[in-house]
Amino acid sequence: MKKIILSVIIIIMIYNYSYSQNWEWTKKAPNVEYSDQRGVFTDISGNVYNYGSRQFAYYYSSSPLTDTIGSYLNCFNSSGTLLFKKRWSIPFYITKMIFEDNSIFFSATFYGTQTINGFTISSEGDTDGAIGKMDMNGNILWISTFGGTERDKCMGLTFNPATLALYATGCIKNSLSIDHVFKSTGKQSAIILQYNKSGIPLQHKLYDYVPTRDSWEINCGLEMSC
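The sequence shown begins at 146 in the working numbering and counts up one residue at a time.
In structure tokens:
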């Protein structure tokens with residue numbers, strides 16, 4: 146009998162909790178074909194941002210230098226009105242965005258030579274990783290790159306407000322250069338990089354060498370937090 150009473154109480158609690166969540170608004174984001182939504186964040190004014198990028202499956206089935214999908218960023222106010230939208234219709238794929246220090250920091254993977262907001266970046270070979278900072282309108286303020294001659298990625302980042310340091314994670318296939326300055330070889334390794342908030346690389350570490358390409362694809366350092 147006690148078990149039955151307890152079960153009824155739990156059901157009532159769950160029922161009440163589920164109906165205590167009130168939707169204020171919902172919006173269908175501007176459509177970008179063949180793309181994944183990567184995440185959502187808010188700023189101190191209550192604006193809501195959502196962002197995403199092309200699916201890698203589609204990327205690798207087409208010519209990357211002719212890609213016209215890339216990444217996007219949308220901004221809505223607290224009432225759900227679209228304030229602006231940004232689109233990078235080039236092989237530039239945002240993997241993570243965060244709001245910190247009144248700015249937007251991002252991680253991305255890109256291919257080839259691209260000019261974005263006056264910044265020209267070039268991959269060492271196949272895809273490379275990128276870390277950067279935007280103003281609150283999505284304009285890039287600085288960008289740093291890393292990678293080698295094969296398929297490299299930047300998959301995630303976080304910000305430490307106590308030290309004002311930015312950390313990024315990713316993986317490299319066979320060598321490492323940061324901003325086209327050669328650093329080391331490090332076959333099929335995950336990587337963590339530290340930057341100051343002005344985009345100056347401070348240090349990096351390669352770790353968890355894996356012997357096969359398939360395992361290396363998984364060993365990308367997807368998430369971390371401070």
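Backbone N, C-alpha and C define an ideal beta-carbon position, used for all residues, glycine too.
- According to the DSSP secondary-structure assignment, Pro346 is paired through a beta bridge with Tyr340.
- For Thr254, the three-state secondary structure derived from DSSP is strand.
- Looking only at Leu210, Ser216, Glu245, the smallest Cα-Cα distance to Ala307 is reached by Glu245.
- In this structure, the straight-line span from the alpha carbon of Phe255 to that of Thr211 is close to 13 Å.
- Comparing alpha carbon positions, the residue from Gln259, Arg296, Phe251 closest to Lys318 is Arg296.
- Straight across, the Cα-Cα distance linking Phe264 with Ser216 is about 16 Å.
- For Gly301 and Lys278, the gap between their C-alpha atoms comes out near 14 Å.
- Straight across, the Cα-Cα distance linking Gly197 with Ile189 is about 21 Å.
- Between Asn284 and Leu309, the C-beta spacing is not below 9 Å.
- In the DSSP assignment, Arg199 falls within the beta strand (DSSP E) that extends over 193–199.
- Contact annotation: Thr272 and Lys241 have beta-carbon atoms that are not nearer than 9 Å.
- A Cβ-Cβ separation of about 6 Å places Ile266 in contact with Ile288 under the 8 Å criterion.
- With a contact defined as Cβ atoms closer than 8 Å, Phe250 and Phe304 qualify at about 6 Å.
- Phe221 sits close to Asn195, with the two beta carbons spaced by under 9 Å.
- Straight across, the Cα-Cα distance linking Ile337 with Ser343 is about 18 Å.
- The Cβ atoms of Ala313 and Gly274 lie closer than 9 Å to each other.
- The bridge partners DSSP lists for Met300 come to none.
- Here Ser223 is not near Gly184, since their CB atoms are 9 Å or more apart.
- Here the alpha carbon of Glu269 sits roughly 23 Å from the alpha carbon of Leu311.
- Taking the Cα positions, Thr226 is about 24 Å away from Ser234.
- Selection Gln339, Ile345, His349, Thr290 evaluated against His325 yields Thr290 as nearest (Cα-Cα).
- Around Thr294, the same chain offers Glu269, Gly270, Asn319, Ser320 as residues with beta carbons nearer than 7 Å, after the five sequence neighbours per side are excluded.
- According to the DSSP secondary-structure assignment, Glu245 is paired through a beta bridge with Ser248.
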